[in-house]
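Here's the structure we're looking at; comments come further down.
Numbering (UniProt numbering), first residue to last: 1 to 326.
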């Protein structure tokens with residue numbers, strides 16, 4: 001922000017730290033001294049674009065780029081008139097086209113593109129939609145009033161609860177002080193045993209603390225508890241404002257969380273009966289002469305499995321040896 005310069009007097013923020021830049025409808029910045037000098041009569045022309053301006057319309061530049069201030073001002077002015085809502089259109093497609101048209105108007109005014117036709121379009125829209133614009137303005141003001149009332153009621157409730165907490169803490173301190181004085185008096189003037197007096201005092205204090213409600217760690221008196229309960233009931237019974245009803249979103253079914261299950265045990269091992277039924281039994285039965293030489297049907301199965309395993313590594317070994325020879 002130190003490199004800000006007034007285009008008229010060339011004063012920089014570095015040379016004059018108290019310099020304040022101001023902008024108008026055209027979006028060109030001037031320092032406060034130049035505004036007072038050039039617009040001493042109340043009106044004048046912009047030094048850069050020569051557009052006639054009024055001194056009352058100058059405002060302090062909020063953003064580093066004056067074009068952003070210009071766009072913000074134009075957007076506020078346009079959206080005051082183009083304030084239709086989605087319920088004013090029969091279909092969502094028409095509403096989206098309307099929003100696109102509004103953005104096109106803002107773009108044309110910000111970058112000075114076909115401003116004559118754009119201003120005519122704005123004037124025609126004001127004449128044709130005067131009733132709808134006024135109705136939406138009233139509706140918006142009503143919603144803002146309801147929102148302000150809701151905020152004020154919440155602030156009042158918070159202040160009331162804070163006062164209750166403070167009063168409850170003071171009441172608790174008073175009760176503890178009275179109980180301490182009572183205990184000291186009993187220990188000084190009573191003929192009973194000191195241990196029994198202390199035990200009865202502890203039991204009485206615990207019973208009182210148990211019967212009275214607690215809020216924020218402090219014991220409330222009966223009157224404070226009644227006031228707090230009535231305020232809570234009023235808060236629950238108060239109907240929501242009308243603007244909140246239109247903001248309710250339609251949610252889908254609640255997602256039921258299912259914990260992921262991961263199997264790290266591998267495939268299920270087949271039983272011996274399944275192996276015999278699906279693999280060994282379909283093989284041709286071994287003759288009696290071979291069986292005498294301790295030949296079983298499992299031997300060809302194991303031979304086939306070994307051949308399969310050897311074939312799995314054949315390609316990778318060939319590639320390995322070929323690369324090693326390079």
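Using N, Cα and C, we set each Cβ at its ideal position, and we do this for glycine too.
DSSP lists 45 as the bridge partner or partners of residue 52. Under the three-state reduction of DSSP, residue 202 is assigned to helix. Taking 9 Å as the cut-off, the beta carbon of residue 29 is found closer than this to the beta carbon of residue 7. Listed in chain order, the non-local C-beta contacts of residue 59 below 7 Å within the same chain comprise 22 and 23, local neighbours out to five positions each way being set aside.
Within the model, the alpha-carbon separation for residue 298 versus residue 258 is close to 45 Å.
Listed in chain order, the non-local C-beta contacts of residue 115 below 8 Å within the same chain comprise 108 and 109, local neighbours out to five positions each way being set aside. About 7 Å separates the beta carbons of residue 20 and residue 31, which is inside the 8 Å limit, making them a contact pair. Contact between the region 168–186 and the region 136–154 is absent: fewer than 3 CB-CB pairs across the two stretches fall below 8 Å. Less than 9 Å divides the Cβ of residue 136 from the Cβ of residue 84. Pairing residue 62 with residue 69 gives a Cβ-Cβ distance under 9 Å. In this model, residue 103 and residue 169 are separated by some 57 Å (Cα to Cα). No Cβ-Cβ contact shorter than 9 Å links residue 125 with residue 89.
Partner residues in the beta bridge of residue 22, as assigned by DSSP, are 30 and 60.
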